[in-house]
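Below you'll find the structure, written out as structure tokens, and then a few comments.
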Amino acid sequence: MIIDYQGLGDLILTYSNIKLLKLSKKYRDYKVVLVTRHDFANLIKYTDISVDEIFVFDAGKFLDNRKYNRKILRRLRKYNAEVIIDASQPSCPFSETLTPAPWVECIAKNIISKTFYSPVYKNVSYGNFVTNFIAPCDDNKFLTYLFHYYFEQICEEKIEICLPELKQILDLRKRYVLIAPFSGNEQRIWNLKSWANIIDYVIRKYNYDVIVTGGLPSDFKNVEKLYSYIINKNKCHNCVGKIELNFMTSLFSVADLLIAAESGTVHIANNAENVNLPVICLSPGNAYKLFHPYEWGQVSYIYPDRVNELISAGLEQELAAATPCSVNEISVEAVKIKIDKLLSVALTKTS
Numbered sequence: 000m001i002i003d004y005q006g007l008g009d010l011i012l013t014y015s016n017i018k019l020l021k022l023s024k025k026y027r028d029y030k031v032v033l034v035t036r037h038d039f040a041n042l043i044k045y046t047d048i049s050v051d052e053i054f055v056f057d058a059g060k061f062l063d064n065r066k067y068n069r070k071i072l073r074r075l076r077k078y079n080a081e082v083i084i085d086a087s088q089p090s091c092p093f094s095e096t097l098t099p100a101p102w103v104e105c106i107a108k109n110i111i112s113k114t115f116y117s118p119v120y121k122n123v124s125y126g127n128f129v130t131n132f133i134a135p136c137d138d139n140k141f142l143t144y145l146f147h148y149y150f151e152q153i154c155e156e157k158i159e160i161c162l163p164e165l166k167q168i169l170d171l172r173k174r175y176v177l178i179a180p181f182s183g184n185e186q187r188i189w190n191l192k193s194w195a196n197i198i199d200y201v202i203r204k205y206n207y208d209v210i211v212t213g214g215l216p217s218d219f220k221n222v223e224k225l226y227s228y229i230i231n232k233n234k235c236h237n238c239v240g241k242i243e244l245n246f247m248t249s250l251f252s253v254a255d256l257l258i259a260a261e262s263g264t265v266h267i268a269n270n271a272e273n274v275n276l277p278v279i280c281l282s283p284g285n286a287y288k289l290f291h292p293y294e295w296g297q298v299s300y301i302y303p304d305r306v307n308e309l310i311s312a313g314l315e316q317e318l319a320a321a322t323p324c325s326v327n328e329i330s331v332e333a334v335k336i337k338i339d340k341l342l343s344v345a346l347t348k349t350s
């Protein structure tokens, strides 16, 4: 079995379903290979994912370099995969322009498999290769296929996954704000001194404990620097690399607020089942058409002033991936105002 991931958010949202597949009667004896354009090896080692192999390739070279393309396809064909799952994110309503169609076309035409599950391509036949559309891809539901009940359809059985007990690592008598300040894209990481300012603000004004999360190799270095700026270190818990990914949805259930860089953490918080968590996302705005606006959930985006001006003027099309907007143009005060609004509501509900 080959599972294809094109981004970190896809892994965060679907990682637990790999375990579900390995627990199923249908696929328990299958060898599972993760195919990805990112090297998740350092992240996966902090999880309990049951994978047999991680296959890493350069997506840019795959599409532009024929020699490299053939090399990767030869290696993939050697697996003789019976099942392929394309778990990369369908960016509907922009899937026609943003979905890596050449990648799917190459895989479909060059790897013979009994079954190919894809969230984007409906019942498309490639000779012996048949795609099975496993979920709707409507404007408001472009991530719903990631939820485990769609993987249950693949397994053809109902499987319950027990999440770990949070009380093993947290004092549940306390109130928490979850901070996810890091991103695989450094252009989306806010100034660490500003993050420290926000952490101390939440602790000092609202007496919350703060949990800082992350797991990429670069996050370990960044969190050390972040902590050097924090004053109230005793109420700020460094959980970078210490919490398995299967704790994430449980963490959302005990937090009153998530403040995050634009990353996969935002998407899982707003799309995971049984999660109803207010989210503040600090975004440079260059992926506006891809990730915003959600028409459901509780995500509040904070953009640089220039991005807000373009949106107000109806010029969203100018917010392309190459738009030179800096997330550091977002002021600390703008974030504090949004925090005050959301935490005052949270405290009112429990008072």
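Mapping to numbering that gives the first Met the number 0: the sequence shown position 28 is 27, numbers consecutive.
Glycine included, every Cβ here is placed at the ideal spot set by N, Cα and C.
Note that the coordinates shown come from a computational prediction; the quantities given were computed from them, not determined experimentally.
Range covered by the beta strand (DSSP E) that runs through residue i
i    : result
Y300 : 298-301
E52  : 52-55
I258 : 254-260
N237 : 235-237
I210 : 208-211
L33  : 32-35
CA nearest to the CA of residue i, picked from the options
i    : options                : result
V326 : S282, E52, K77, I2     : S282
I2   : F54, V265, Q152        : F54
Y200 : Y300, L318, Q186, K234 : K234
Q152 : Y175, A345, Y26, E308  : Y26
I301 : L171, E261, Q316       : E261
T35  : K18, I71, L22, D63     : I71
A333 : S227, Y175, W194, I83  : W194
L33  : K18, V50, N68          : V50
V176 : K204, K241, M0, F56    : K204
K30  : F251, E81, L225        : E81
A259 : N190, K224, L22        : N190
E156 : A312, L22, E223        : L22
A254 : L346, K18, K24         : L346
S252 : L169, K77, E223        : L169
S249 : R187, I230, K232, N275 : N275
N285 : S311, N231, M247, Q186 : Q186
N231 : N206, K241, D57        : N206
E52  : L314, E315, Y78, A179  : Y78
Closer than 8 Å to chain C by CB, residue i
i    : result
Y228 : Absent from the structure: chain C. Only one protein chain is present.
Beta-carbon proximity list for residue i, same chain, < 7 Å, skipping 5 on both sides
i    : result
D304 : E328
C161 : Because C161 sits at a pLDDT of 48, beneath the cut-off of 50, its placement in the model cannot be relied upon, and the point is left open.
V298 : V265, N269, V278, C280
K60  : Y67
E317 : L309
K24  : E156
V222 : V211, G213, N237, V239
I229 : A195, I198, D199, C235
K241 : none
Where the alpha helix (DSSP H) containing residue i begins and where it ends
i    : result
N68  : 65-76
A80  : Counting along the chain, A80 falls outside any alpha helix (DSSP H), and DSSP gives it neither H nor E.
A179 : Element bounds for A179: not the alpha helix (DSSP H) but the beta strand (DSSP E), 175-179.
I198 : 191-205
L281 : Taken as a continuous stretch (DSSP letters only), L281 belongs to no alpha helix (DSSP H), being part of the beta strand (DSSP E) at 278-281.
V306 : 304-311
Cβ neighbours of residue i in the same chain (closer than 8 Å, five flanking residues each side left out)
i    : result
R74  : F54
K335 : I197, Y200
M0   : L20, Y26, Y29, K30, V31, V32, A80, E81, V82, I83, I84
Cutoff 6 Å; reference residue i; Cβ partners in own chain excluding five residues on either side
i    : result
G213 : F181, V239
L341 : L256, P277
V331 : S193, N196
I338 : none
C154 : S23, K25
E95  : For E95, the predicted model reports a pLDDT of 36, less than 50, meaning its position is unreliable and no value from the coordinates is stated.
Whole-number beta carbon distance between residue j and residue i, since they are thought to touch under 8 Å
i    : j    : result
H236 : I210 : 5 Å
F150 : L20  : 6 Å
R172 : D208 : That pair is no contact at about 10 Å.
L215 : G263 : Contact doesn't hold; Cβ gap of about 11 Å is too wide.
V306 : C324 : 5 Å
Any non-hydrogen atom of the ligand SAM within 7 Å of residue i CB
i    : result
K234 : Of the ligands one can find in the structure shown there are none, so the ligand SAM has no counterpart to examine.
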